[in-house]
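Quick note on the working numbering: the sequence shown kicks off at 7 and runs consecutively.
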Amino acid sequence: MKHIISVLVENKFGSLNQVAAMFSARGFNLESISIGETEDREISRMTIVTRGDDQIISQVLKQLNRLVDTIKVIDLTRQPHVERELLLMTLKLTKTQQHEIFELINVFKGKVVDIKQKSITIEVIGSPDKINTTIDIFRVYGIKELARSGAVAIHRGE
């Protein structure tokens with residue numbers, strides 16, 4: 007089962023490396039990891055997406071809590087949360103398909119971030135399901151390059 011784990015760590019050199027090394031050393035599956043400063047510049051939030059049964063996830067949570075720079079670990083999977091990913095995708099652009107592509111960009115509430123004679127780069131933000139669907143739909147137009155951020159998640163406010 008997929009799990010989304012939020013980890014607050016001290017914002018200092020090596021924090022990300024500690025987490026990645028822990029996953030690697032113990033053979034845990036790391037699907038994605040995103041990190042950035044929080045409202046407090048001394049603290050960073052890591053969003054980790056991993057898969058495993060309850061026993062493996064329990065071990066992951068215990069190991070994350072043991073790391074020196076860790077402040078707080080929360081498994082958001084079964085809690086109310088907001089989760090988003092960023093997709094940047096460059097497509098082949100032809101005159102015959104241009105109108106269709108622009109209509110689909112609007113359907114997915116995407117933005118054109120770069121356009122050239124033979125290619126267009128778009129940005130789409132949304133849930134992992136929306137990102138997967140976007141990729142599947144645009145695949146027929148010829149994806150030249152694709153980058154996605156991995157999940158960023160936060161506990162839903164009250």
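Positions of the beta carbon are idealized from the N, C-alpha and C atoms, including for glycine.
Query - Residue burial classification, S64 (beta-carbon count within 10 angstroms, cutoff 16) - result: exposed
Query raised in the report: Out of R162, G163, E164 and S155, which has the shortest C-alpha to C-alpha gap to G42?
Result: S155
Query raised in the report: My guess is that F144 and M95 are in contact by the Cβ rule of under 8 Å, so how many angstroms apart are they, rounded?
Result: 6 Å
Report task. Could you check what DSSP says for D142 in three-state terms: helix, strand or coil? Result -> helix
Report task. Rounded to whole angstroms, what's the CA-CA distance from N17 to V55? Just pull it up for me. Result -> 20 Å
Report task. Using the Cα positions of E48 and L14, report the straight-line distance between them to the nearest angstrom. Result -> 10 Å
Query raised in the report: How is K115 classed by DSSP in three states: helix, strand or coil?
Result: coil
Query raised in the report: Beta-carbon separation of L6 and E129 under 8 Å?
Result: Residue 6 falls outside the range modelled here, since the chain spans only 7 to 164, and no answer is possible.
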